[in-house]
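Residue numbers for the sequence shown follow this note's numbering, so the first one is 46 and each next one is one higher. Yeah, the Cβ is synthetic: ideal placement off N, Cα and C, and Gly gets one too. Okay, so here's the structure we're looking at.
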Amino acid sequence: MAAEETRLSEAFPMKAGAGPNSYAKNSTYQRGVADAAKELLTKAIAENLDTEILLSSNTFHIADLGCSVGPNTFYAVKNILESVQSKYQSKGPNSQIPEFQVFFNDHTTNDFNILFKSLPHNRHYHAAGVPGSFYGRIFPNASVHIVHSSYTNHWLSRVPKDVTDSNSPAWNKGRIHYLKSTDEVVRAYEDQFARDMECFLHVRSQEIVNGGLMVLTIPGRPDGTPHSHAAANVTYQLLGTCLIEMAKKIWKNRNFYKSIQSLGKYCIPNFFLIISNTNDQKDKIKPSKRNWRIYVAWFVACRRYFFLNAATCSLNMQGIVSEDKVDAFNIPIYYMSPKELEAAVEQNGCFSVEGMEILPYVSTLHSVAKTAPLIALHVRAATEGLFKLHFGDAILDELFDLYCKNLVAQHCIFKSTEVFNFFAVLKRKAN
Ligand SMILES: C[S@@+](CC[C@H](N)C(=O)[O-])C[C@H]1O[C@@H](n2cnc3c(N)ncnc32)[C@H](O)[C@@H]1O
Numbered sequence: 046m047a048a049e050e051t052r053l054s055e056a057f058p059m060k061a062g063a064g065p066n067s068y069a070k071n072s073t074y075q076r077g078v079a080d081a082a083k084e085l086l087t088k089a090i091a092e093n094l095d096t097e098i099l100l101s102s103n104t105f106h107i108a109d110l111g112c113s114v115g116p117n118t119f120y121a122v123k124n125i126l127e128s129v130q131s132k133y134q135s136k137g138p139n140s141q142i143p144e145f146q147v148f149f150n151d152h153t154t155n156d157f158n159i160l161f162k163s164l165p166h167n168r169h170y171h172a173a174g175v176p177g178s179f180y181g182r183i184f185p186n187a188s189v190h191i192v193h194s195s196y197t198n199h200w201l202s203r204v205p206k207d208v209t210d211s212n213s214p215a216w217n218k219g220r221i222h223y224l225k226s227t228d229e230v231v232r233a234y235e236d237q238f239a240r241d242m243e244c245f246l247h248v249r250s251q252e253i254v255n256g257g258l259m260v261l262t263i264p265g266r267p268d269g270t271p272h273s274h275a276a277a278n279v280t281y282q283l284l285g286t287c288l289i290e291m292a293k294k295i296w297k298n299r300n301f302y303k304s305i306q307s308l309g310k311y312c313i314p315n316f317f318l319i320i321s322n323t324n325d326q327k328d329k330i331k332p333s334k335r336n337w338r339i340y341v342a343w344f345v346a347c348r349r350y351f352f353l354n355a356a357t358c359s360l361n362m363q364g365i366v367s368e369d370k371v372d373a374f375n376i377p378i379y380y381m382s383p384k385e386l387e388a389a390v391e392q393n394g395c396f397s398v399e400g401m402e403i404l405p406y407v408s409t410l411h412s413v414a415k416t417a418p419l420i421a422l423h424v425r426a427a428t429e430g431l432f433k434l435h436f437g438d439a440i441l442d443e444l445f446d447l448y449c450k451n452l453v454a455q456h457c458i459f460k461s462t463e464v465f466n467f468f469a470v471l472k473r474k475a476n
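Structure, rendered in C-alpha cells:
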C-alpha cells in the first residue's frame with residue numbers, strides 16, 4: 046500500500062511545527078473559509094444524511110482528508126459532529142447517540158505529531174491518523190459515513206509530466222504554473238486534474254457507505270471564466286516571476302563575479318606595482334596612465350564585489366536558482382470550476398450532487414497592497430515545502446521577501462480577478 050501511495054501521489058505538506066512560518070500559524074484564511082461554510086455544512090448533514098445510516102452502526106465514522114496540522118481540522122470536525130448529533134437528537138429524545146471515530150488523513154510527511162499534540166482535550170470522539178494520499182485507497186470498503194475535505198482538492202497528485210519535459214510541446218519554460226502559458230500547458234494541467242478527480246471519486250466511492258456523504262470546500266474559479274479570473278492563479282504567476290527575477294539577478298552577479306576573478310588575477314600585481322611606485326619612488330616614477338586606469342577599475346570592481354549581498358553570492362556560487370532550474374519547476378495546483386467537478390461526478394456515476402454553493406467572500410486579497418505580508422506568509426506556509434524540495438531552503442527568505450514586495454508593487458494585476466470558493470455536497474448512491 047505504501048509503494049502504491051508513493052506512485053500515486055507526490056507529497057508537499059504544509060509547513061510543519063508551530064513556528065512563525067508554520068501552517069498552524071498561517072491558515073487563518075482557510076479558517077475564514079471554514080467559517081463561511083459552517084452553515085452550509087450543518088444544512089447539508091441535516092437534509093442529506095440518511096437516517097438508515099444512523100441506525101446501522103454503533104460507531105459513526107468521519108474522515109477529514111488533507112487535515113494538515115490544525116487547528117482548522119478540529120474546527121471542521123467539531124461542526125460535523127455537532128450536526129450529526131443534532132440529526133440523531135431530532136429523531137426523538139430516546140435516540141441513542143453513537144460513538145464517533147474521526148480519521149485525520151494527510152500525506153505521510155504531514156506533521157502528525159503536532160496534530161495529535163494539539164487535539165482538543167474536551168473532544169467527544171476517538172481520534173486516529175490515517176497517513177497516505179487521498180488519491181489512493183486509505184479506508185476499507187464501505188466503512189466511512191462522512192468524508193470532509195477543505196482546501197485540499199486543488200492539489201494535484203503530481204505536476205503534469207509533460208510540462209517539465211523539454212521535448213514536449215507542453216514544456217512550461219520560464220513559468221511555474223499554467224497562467225499565461227501556452228494552450229498545451231493549460232491542457233496538460235486540465236488533463237491531470239481530470240485524471241486525479243476521477244481517481245479521487247473512484248476510491249471514495251469504494252470507501253463511503255451507501256447514503257454516506259462527501260462534503261468538499263474547494264478553492265476554484267467561477268463557471269465559464271478563464272483561469273486568469275482566479276486570484277489564486279495570479280498569486281502563483283507572480284511567484285513565478287519572482288523566481289525568474291532571482292535567477293536573472295543571480296546569473297548577472299555570477300558573470301560579474303567571474304569577471305572580477307579574472308580581472309583580479311591580472312590587476313593585483315599591477316596594484317602592488319602602483320603602490321610601490323607611488324610610495325618608494327614617488328618623485329622619480331609616476332604610475333603610467335594605463336596602470337591608473339587598471340587600478341581604478343580594480344578598486345571599483347572590488348568595492349562592488351564586497352558590497353554584493355553575501356547571501357546572493359553564496360546562492361550564486363552554488364547555482365541554486367538558475368533559469369534551467371526554474372524551467373524544471375512547476376506547482377501541482379489546479380483551480381477547478383463547479384462545472385468541472387460536476388462533470389467528473391457524472392462520469393464517475395457513484396455519487397449524486399446534492400448541493401453546489403458559492404461561498405461568501407472571505408477578504409484577504411481584498412486590498413493586496415495592504416495585506417501583502419499576510420498573503421506572503423499564507424502562500425509560504427502552503428508552498429514552502431515545494432520550493433525547498435527543488436531549490437533548497439537557502440532561497441526561501443529571499444524569495445518570499447521579494448514576493449511580498451512585488452505583491453505591493455504589482456497589486457494592480459489582481460484588479461479583474463476573483464477570490465472564489467465553493468462548497469459541494471455529494472451523496473453515495475446505493476449500489
Ligand atoms: C491548504 S491545506 C488545508 C488543510 C486543512 N484542511 C485546512 O482547511 O486548513 C491542504 C492539505 O492537503 C494535503 N494534501 C494535499 N494533497 C493531498 C493528498 N493527495 N493526500 C492527502 N493529503 C493531501 C496537504 O498535505 C495539506 O495538508
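**Item:** Buried or exposed by the 16-neighbour rule on C-beta atoms within 10 Å, applied to residue 247
**Value:** In the sequence shown, residue 247 corresponds to position 202, counting from 1. Taking every protein chain shown into account, the CB of residue 247 has fewer than 16 other CB atoms within 10 angstroms, so this residue is exposed.
**Request:** Kindly indicate which residue of 185, 151, 186 and 190 has the alpha-carbon position closest to the one of residue 176.
**Result:** What you label residue 176 is simply residue 131 of the sequence shown in a count that begins at 1. The closest CA to that of residue 176, considering only 185, 151, 186 and 190, is found on 151.
**Where residue 460 sits in the DSSP three-state scheme** = On the sequence shown, position 415 is the one that residue 460 refers to. Residue 460 falls in the coil class under three-state DSSP.
**Message:** Which residues does DSSP list as the beta-bridge partners of residue 200?
**Reply:** Position 155 of the sequence shown, counted from the start, is the residue given in the question as residue 200. BP columns for residue 200 point to 378.
**Message:** Here's a check: name, in chain order, each residue in its chain whose Cβ is nearer than 8 Å to the Cβ of residue 201, leaving out the five neighbours to either side.
**Reply:** Taking the sequence shown and counting its residues from 1, one reaches residue 201 at position 156. Cβ neighbours of residue 201 beyond the five flanking positions: 234, 237, 238, 241, 377, 378 and 379.
**Residue span of the alpha helix (DSSP H) that contains residue 250, given as start and end** = The residue labelled residue 250 in the question sits at position 205 within the sequence shown. 228–252 is the extent of the alpha helix (DSSP H) around residue 250.
**Item:** Reduced DSSP category for residue 128 - H, G, I as helix; E, B as strand; rest coil
**Value:** Sequence index remark: in the sequence shown, residue 128 carries index 83 (1-based). The three-state secondary structure of residue 128, taken from DSSP, is helix.
**Asked** Going along the chain, which residues of its own chain have a beta-carbon closer than 6 Å to the beta-carbon of residue 428, five neighbours each way excluded?
**Response** Taking the sequence shown and counting its residues from 1, the one referred to as residue 428 is at position 383. So no residue of the chain qualifies.
**Asked** Is it right to say residue 96 is buried, meaning 16 or more other beta carbons lie within 10 angstroms of its own, or is it exposed?
**Response** Here residue 96 corresponds to residue number 51 of the sequence shown, with the count starting at 1. Counting Cβ neighbours within 10 Å, residue 96 comes out exposed, since fewer than 16 surround it.
**Prompt:** Just to confirm, are residue 289 and residue 181 a CB contact at a threshold of 8 Å?
**Reply:** Reading the sequence shown from its first residue, position 244 is the one you call residue 289. Reading the sequence shown from its first residue, position 136 is the one you call residue 181. It is not a contact, given that the beta carbons lie outside the stated cut-off.
**Item:** Alpha carbon of residue 75 to alpha carbon of residue 261, nearest angstrom
**Value:** Locating residue 75 in the sequence shown gives position 30, counting from the first residue. Locating residue 261 in the sequence shown gives position 216, counting from the first residue. Answer to the nearest angstrom: the Cα atoms are 13 Å apart.
**Message:** Out of 118, 114 and 55, which one is the CA nearest neighbour of residue 107?
**Reply:** As a working mapping, residue 107 is identified with position 62 in the sequence shown. Distances from the CA of residue 107 to each of 118, 114 and 55 were compared; the closest alpha carbon is that of 118.
**Asked** From the DSSP output, which residues share a beta bridge with residue 420?
**Response** Numbered from its first residue, the sequence shown carries residue 420 at position 375. Residue 420 pairs with nothing; no bridge assigned.
**Request:** Could you tell me which residues DSSP puts in a beta bridge with residue 192?
**Result:** The count along the sequence shown starts at 1 and reaches residue 192 at position 147. According to DSSP, which records beta bridges pairwise, residue 192 is partnered with 108 and 259.
**Request:** Could you tell me the distance, in whole angstroms, from the CA atom of residue 188 to the CA atom of residue 448?
**Result:** Within the sequence shown, residue 188 is the residue found at index 143, counting from 1. Within the sequence shown, residue 448 is the residue found at index 403, counting from 1. If you draw a straight line from the Cα of residue 188 to the Cα of residue 448, it is about 44 Å long.
**Prompt:** Are there 16 or more other CB atoms within 10 angstroms of the CB of residue 416, so buried, or fewer, so exposed?
**Reply:** On the sequence shown, position 371 is the one that residue 416 refers to. When all chains shown are included, residue 416 counts as buried.
**Asked** Is the stretch 222–229 in contact with the stretch 64–72, if contact means three or more CB pairs nearer than 8 Å?
**Response** No, they do not touch.
**Prompt:** Buried or exposed: where does residue 84 fall if 16 or more other Cβ atoms within 10 Å of its Cβ makes it buried?
**Reply:** Counting from 1 along the sequence shown, the entry for residue 84 is found at position 39. Answer is exposed; the Cβ neighbour count stays below 16.
**Request:** Can you tell me which of the three DSSP states residue 157 falls into?
**Result:** Taking the sequence shown and counting its residues from 1, one reaches residue 157 at position 112. Of the three classes helix, strand and coil, the one that applies to residue 157 here is helix, per DSSP.
**Prompt:** With a CB to CB cut of under 6 Å and the five nearest residues on each side skipped, what residues in its chain are close to residue 384?
**Reply:** In the sequence shown, residue 384 corresponds to position 339, counting from 1. Excluding five sequence positions before and after residue 384, the CB atoms of its chain that fall closer than 6 Å to its own CB belong to 268, given in chain order.
**Request:** Count the other CB atoms, across all protein chains shown, that sit within 10 Å of the CB of residue 264; report buried if there are 16 or more and exposed otherwise.
**Result:** As a working note, residue 264 is residue 219 in the sequence shown. Classification for residue 264: buried.
**Asked** For ligand 1, any of its heavy atoms closer than 7 Å to the Cβ of residue 244?
**Response** Counting from one through the sequence shown, the residue named residue 244 turns up at place 199. Relative to ligand 1, even the nearest heavy atom lies 7 Å or more away from the CB of residue 244.
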